[in-house]
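Residue numbers (numbering that gives the first Met the number 0), protein chains in the order written: chain A, 0 to 344; chain B, 0 to 222.
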Amino acid sequence: MAYDGWQGVIQLIELSDISKSYRTGSVSVEAIKHIDLTIAKGEIFGIIGHSGAGKSTLLRTVNLLERPTSGSVKVGGVELTKLSSSQLQKERRRIGMIFQHFNLLAMATVRDNIAFPLRLAKLSRAAIQTRVNELLQLVGLEAHADKYPAQLSGGQKQRVGIARALASNPDVLLCDEATSALDPQTTNAILDLLLDINKKLGITILLITHEMHVIRSICDRVAVIDGGEVVEMGDVLDVFLQPQHPTTKDFVSQVADSFDPRELIASSKGRLMKINYVGEITYEPLLFNAVRSTSVQFAILQGTVSRMKNTPYGQLVIEFIGEDQEIRQVIANLRDKGLEAGELA
Amino acid sequence: MTMRLTFENVRWSEVWQASKDTLAMLGASLVFTIVLGLLLGVVLFLTSRHQLIAQPIVYFLLSVVVNVLRSVPFVILMIMIMPVTKAITGTTLGVQGTIPPLVVAAAPFFARLVETSLREVDRGVIEAAQAMGASRWDIVRRVLLLEAKPGLLAGITITAVTLVSYTAMAGVIGGGGLGDLALRYGYQRFQTDVMIVTVILLIILVQLLQMAGDYLVRRFSRK
């Protein structure tokens with residue numbers, strides 16, 4: 000199927016001109032300033048920002064845990080900001096949410112925690128039991144059904160949170176720093192589970208995080224938020240490979256090796272190029288092929304070859320040594336292959 | 000001089016009757032105290048600042064009433080509300096006559112304990128319930144009361160023990176029970192043996208209540 004741009008894409012979440020200000024004493028603080036955001040059905044959208052940037056407030060406006068000072072929130076075509084509180088309660092059942100600190104009922108077993116939203120929806124006892132068993136299986140907690148949260152590890156608690164959030168078959172899953180309290184291994188396991196759920200159930204995921212690793216692992220698109228404003232937004236690959244805003248560059252350097260190009264330039268004998276490439280060509284002998292017919296030599300000074308969600312990519316800083324003419328030929332060869340090559344400045 | 004305790008003054012049938020009266024007063028007043036105190040405590044919690052139904056004026060007024068009732072010494076409260084007691088139960092004497100003052104004194108006390116326990120409930124859990132589409136009533140019933148259970152059980156235990164000492168004071172206005180026995184025989188007729196027996200029985204009662212309460216708190220703690 001051909002990619003048809005935005006045609007036929009259903010916009011599941013539409014935030015228009017959202018602002019939120021708090022009053023602390025006599026001072027009014029604007030946590031969010033006129034943010035517009037649309038999220039398509041089925042995508043995994045990440046919002047990244049430093050603490051205090053307003054990302055948590057923004058996420059909470061989607062299910063109106065935070066009511067915006069102005070602007071409208073639409074989920075699945077329903078304008079939540081116009082609903083009565085009982086209508087809102089019904090709509091919220093289509094929006095699942097998981098939390099950094101899991102927020103499970105300490106006094107209820109895993110089974111009862113997962114059953115909570117089903118009891119709210121007044122399902123029959125038998126229907127609840129069937130559904131809870133399905134969910135336990137989905138998140139791999141069958142063996143722990145009758146334990147209490149205090150007896151579980153952090154990763155297991157988040158699995159309970161995910162099962163609970165999915166219980167009422169929501170269209171959207173909101174993730175509020177869902178992996179920030181977990182160790183790196185557990186974080187990856189939970190991210191895999193989220194990706195799996197997205198694929199299997201087609202559920203749209205909106206997450207916030209301060210870790211670029213989370214964005215890189217599972218997100219399709221990303222918005223970078225700083226000072227209550229979206230400063231950069233786009234496909235994760237584009238934003239990652241060509242960050243524009245200083246905050247974005249800062250986040251990208253969390254996962255890429257951070258380096259100071261000036262140092263390299265000062266000690267360079269040849270020509271320094273920064274090369275980006277994406278997709279299957281990552282696994283081809285690109286550099287070798289490009290220099291083969293010339294007498295140009297090269298040194299890799301810095302580099303990353305990795306994957307973003309399921310897309311392989313590479314990002315290298317290379318010093319080419321040789322005659323100008325020949326180096327230009329090498330760069331042309333690389334560009335012919337579809338690589339991006341730019342002078343390091 | 001040696002003190003000889005022969006328990007010659009103790010009429011065991013009267014002690015038995017007084018014990019039953021004390022238990023009846025305690026049981027009945029505890030039930031009413033739990034119901035009213037829970038209700039009042041939940042309302043206090045919900046109407047306080049930053050909570051689900053933040054109503055500072057309602058909270059302030061309820062708070063004042065609770066504080067007033069708690070600051071009047073029980074003996075005086077008992078006498079002050081005699082007309083109310085008479086209107087409710089038809090008498091100010093005996094087991095029946097002591098229940099209204101016991102409840103009026105203990106319910107505000109228990110309500111504060113309830114309020115404190117509910118404050119201990121993790122806000123995040125309440126938020127999660129809201130996100131799942133829970134109504135306020137759902138949150139009270141399925142989240143707050145469940146999560147606060149150990150605290151509430153501890154509060155009931157403290158309240159029950161307090162009620163035991165109140166029932167003893169109720170003897171002053173002819174309320175009956177062990178306190179009444181101790182006062183009439185032990186104090187007014189200098190029958191120390193009767194006093195000792197009643198005090199021992201009260202100690203045993205308090206001990207049993209505390210142990211039962213502690214057991215339940217432990218049984219329901221999940222942290």
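Positions of the beta carbon are idealized from the N, C-alpha and C atoms, including for glycine.
In chain order, L104, A105, M106, A107 make up the part of chain A whose C-beta sits under 9 Å from the C-beta of E146/B.
Take N332/A, set aside five residues on each side of it, and the residues of its chain with a beta-carbon closer than 6 Å to its own are A289, in chain order. The DSSP-derived three-state label of E65/A is coil. By the rule that beta-carbons nearer than 7 Å mark a contact, Y282/A does not touch chain B. In this structure, E13/A and T37/A form a Cβ contact; the two beta carbons are roughly 5 Å apart against a cut-off of 8 Å. When rounded, the separation of the alpha-carbon atoms in G36/B and V160/B is 15 Å. For V124/B, the chain A residues whose C-beta falls within less than 8 Å of its own C-beta are N102, L103, L104, A105, listed in chain order.
At a cut-off of 7 Å between beta carbons, R218/B makes no contact with chain A. Taking a cut-off of 8 Å on C-beta distances, the stretch 122-131 of chain B does not touch the stretch 191-203 of chain B, as fewer than three cross pairs fall below it. With a cutoff of 7 Å on beta-carbon distance, A180/A and Q99/A are scored as near each other. Judged by DSSP secondary structure, D323/A falls within the alpha helix (DSSP H) whose first and last residues are 323-335. For G212/B, there are no C-beta contacts with chain A under 8 Å, since the nearest C-beta of that chain is about 17 Å from it. Going by DSSP, S164/B is part of the alpha helix (DSSP H) stretching over 148-169. Under the Cβ criterion of 7 Å, G132/B is counted among the residues facing chain A.
For A144/A, the three-state secondary structure derived from DSSP is coil.
Between the C-alpha atoms of I155/B and L208/B there is a straight-line separation of about 10 Å. By the C-beta density criterion, G96/B is buried, having at least 16 other C-beta atoms within 10 angstroms.
Between the stretch 103-111 of chain B and the stretch 63-72 of chain B, the count of Cβ pairs shorter than 8 Å is three or higher; the stretches touch. Contact with chain B is found for Q88/A, since one of that chain's Cβ atoms lies less than 7 Å from the residue's Cβ. In the DSSP assignment, H100/A falls outside any beta strand (DSSP E), carrying neither H nor E.
Per DSSP, reduced to three states, the secondary structure at M272/A is strand. According to DSSP, G45/A shares a beta bridge with L206/A, V221/A. Proximity of K222/B to chain A, defined by a Cβ-Cβ separation below 7 Å, is satisfied. Identification of residues in the stretch 43-77 of chain A having a C-beta nearer than 7 Å to some C-beta of chain B yields N62, L64, given in sequence order.
When CB distances to chain A are screened at a threshold of 7 Å, not a single residue of the stretch 186-211 of chain B falls below it.
Considered as a whole, the stretch 43-71 of chain B harbours 55-70 as its complete alpha helix (DSSP H) runs of no fewer than 4 residues, in chain order. Within the same chain, and ignoring the five residues on either side of S294/A in sequence, the residues whose Cβ sits closer than 7 Å to its Cβ are G321, E325.
Beta bridge pairing from DSSP links I320/A with Q296/A. Straight-line measurement puts the Cα of E342/A at about 10 Å from the Cα of E318/A. Below the 8 Å Cβ cutoff, chain B contributes M131, G132 as neighbours of P116/A, in chain order.
For L201/B and M210/B, the gap between their C-alpha atoms comes out near 14 Å. Residue burial annotation: F189/B is exposed, with fewer than 16 other C-beta atoms found within 10 angstroms of its C-beta. Only exposed fits P55/B, as fewer than 16 other CB atoms lie within 10 angstroms of its CB.
By the Cβ neighbour-count rule, R10/B is exposed, with fewer than 16 other Cβ atoms within 10 Å of its own.
The continuous beta strand (DSSP E) containing K19/A extends over residues 10-23.
For A153/B, the closest Cβ of chain A is not nearer than 7 Å.
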